[in-house]
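Undergrad:
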Amino acid sequence: ASSNKFFVGGNWKCNGTKESITKLVSDLNDAKLEADVDVVVAPPFVYIDQVKNSLTDRIEIAAQNSWVGKGGAFTGEISVEQLKDIGCKWVVLGHSERRHVIGEDDQFIGKKAAYALSEGLGVIACIGEQLQEREAGKTFDVCFQQLKAYADAIPSWDNVVIAYEPVWAIGTGKVATPEQAQEVHAALRDWLKNNVSADVATKTRIIYGGSVNGSNCAELAKQEDIDGFLVGGASLKGPEFATIVNSVT
Ligand code: PEP
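Count along the sequence shown from 1, add 49, and you get the number used in UniProt numbering.
1) Quick one: give me the first and last residue of the alpha helix (DSSP H) that C192 is part of.
2) Are the region 113-133 and the region 66-85 touching, with three or more C-beta to C-beta distances below 8 Å?
3) So the alpha helix (DSSP H) I129 belongs to, where does it begin and stop?
4) Below 8 Å CB to CB, which residues in the same chain sit around A202 once its five sequence neighbours on both sides are set aside?
5) What number of angstroms, rounded off, separates the C-alpha of G259 from the C-alpha of A283?
6) With DSSP as the reference, please indicate the residues paired to G171 in a beta bridge.
7) Would you report the Cα separation of E178 and E214, rounded to the nearest angstrom?
8) Between which two residues does the alpha helix (DSSP H) carrying F290 extend?
9) Closer than 8 Å to a non-hydrogen atom of the ligand PEP - does that hold for the CB of N153?
10) Assuming I110 is part of the beta strand (DSSP E), what are its boundary residues?
11) Taking its Cβ as the centre, do 16 or more other Cβ atoms sit within 10 Å of F123, making it buried, or is it exposed?
12) Determine the burial state of H234: buried for a count of at least 16 other Cβ atoms within 10 Å of its Cβ, exposed for fewer.
13) By DSSP's criteria, G58 is part of a beta bridge. Which residues make up the other side?
14) For C192, is the classification buried or exposed, using 16 other Cβ atoms within 10 angstroms of its Cβ as the cut-off for buried?
15) What do you reckon, is the C-beta of S260 under 8 Å from a heavy atom of the ligand PEP?
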């Protein structure tokens, strides 16, 4: 990890019931979490209110998506204003499942990030290459292009955490090696330095996501440019998520 404050997010995706979420919240409330770590969880929209009303204030709430502009006649969407109204501080944008399953593109994601930031939400800005792109030697090109789309759209990086999540590692159990992750994180920091500013490159947290669990987090956390994690599957288990939070070095 760099000298930036460690950041760990739990992305619950489209999982859970009132009952299972009650248990998860209770486990998180009981967990001992290192003080010097920002901890955020992203429940499904329909359970955000339940979580907000029962989870310790120590953990902040993120939404898993938000509408690209002000709310209104957009059936099925959830606005940034509504997310703020129910106590969200963050939103996850550009997740690979939204890019590759739902079909969101770089420009749309960039606009969403700009709107969420303009309304005061923090943005967990996801990027990452697919397996065939990595195998074709295009990892940096793909990640830089996705990063540039955010950079082109947003006026400031103050409230942004970048999540590097190689698509081939998400939900597959196939975690990137610490060296593979570090290599991309360092390249992303370099890109920020060359294309935004040295200050933004130093201060922006770059977290890793993709099959992080209680057993592999410690080695990843030691890498110089890994400032935390975005965790899917393992964030559904309170004690294991706490282990990942506490892997800060
Ligand atoms: C994610 O969805 O952001 C993720 C990293 O999932 P998993 O930890 O399950 O690979």
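Glycine included, C-beta positions come from ideal geometry on N, C-alpha and C.
Keep in mind that this is a model prediction, so the values were computed, not measured.
TA: In short, the structure shows the following:
1) Numbered from its first residue, the sequence shown carries residue 192 at position 143. Element bounds for C192: T188 to A202.
2) Between the region 113-133 and the region 66-85 there are fewer than three C-beta pairs closer than 8 Å, too few to call the two in contact.
3) Looking up residue 129 in the sequence shown gives position 80. According to the sequence shown, residue 129 is Val rather than Ile. Taken as a continuous stretch (DSSP letters only), the alpha helix (DSSP H) holding V129 covers V129 to D134.
4) Along the sequence shown, read from residue 1 onward, the residue named residue 202 stands at position 153. Within the same chain, and ignoring the five residues on either side of A202 in sequence, the residues whose Cβ sits closer than 8 Å to its Cβ are Q156, G159, K160, A162 and A163.
5) Your numbering for residue 259 matches position 210 in the sequence shown. Your numbering for residue 283 matches position 234 in the sequence shown. If you take the alpha carbons of G259 and A283, they lie about 10 Å apart.
6) Here the question's residue 171 lines up with position 122 in the sequence shown. Beta-bridge analysis with DSSP links G171 to W139.
7) The residue labelled residue 178 in the question sits at position 129 within the sequence shown. The residue labelled residue 214 in the question sits at position 165 within the sequence shown. Between E178 and E214, the alpha-carbon positions lie close to 8 Å from each other.
8) Numbered from 1 along the sequence shown, position 241 holds the residue referred to as residue 290. Residues G287 to V294.
9) By 1-based counting over the sequence shown, the position of residue 153 is 104. The question names Asn, yet the displayed sequence has Glu at residue 153. Taking non-hydrogen atoms of the ligand PEP into account, the C-beta of E153 is found less than 8 Å away from none of them.
10) Residue mapping note: residue 110 aligns to position 61 of the sequence shown, counting from 1. Per DSSP, I110 belongs to the beta strand (DSSP E) from E109 to A112.
11) Your numbering for residue 123 matches position 74 in the sequence shown. By the Cβ neighbour-count rule, F123 is exposed, with fewer than 16 other Cβ atoms within 10 Å of its own.
12) Translated into positions along the sequence shown, residue 234 becomes position 185. Taking every protein chain shown into account, the CB of H234 has 16 or more other CB atoms within 10 angstroms, so this residue is buried.
13) Looking up residue 58 in the sequence shown gives position 9. Answer is V89 and L279, bridged to G58.
14) Taking the first residue of the sequence shown as 1, we reach residue 192 at position 143. Buried.
15) Position 211 of the sequence shown, counting from 1, holds the residue named residue 260. Result yes, Cβ under 8 Å from the ligand PEP.
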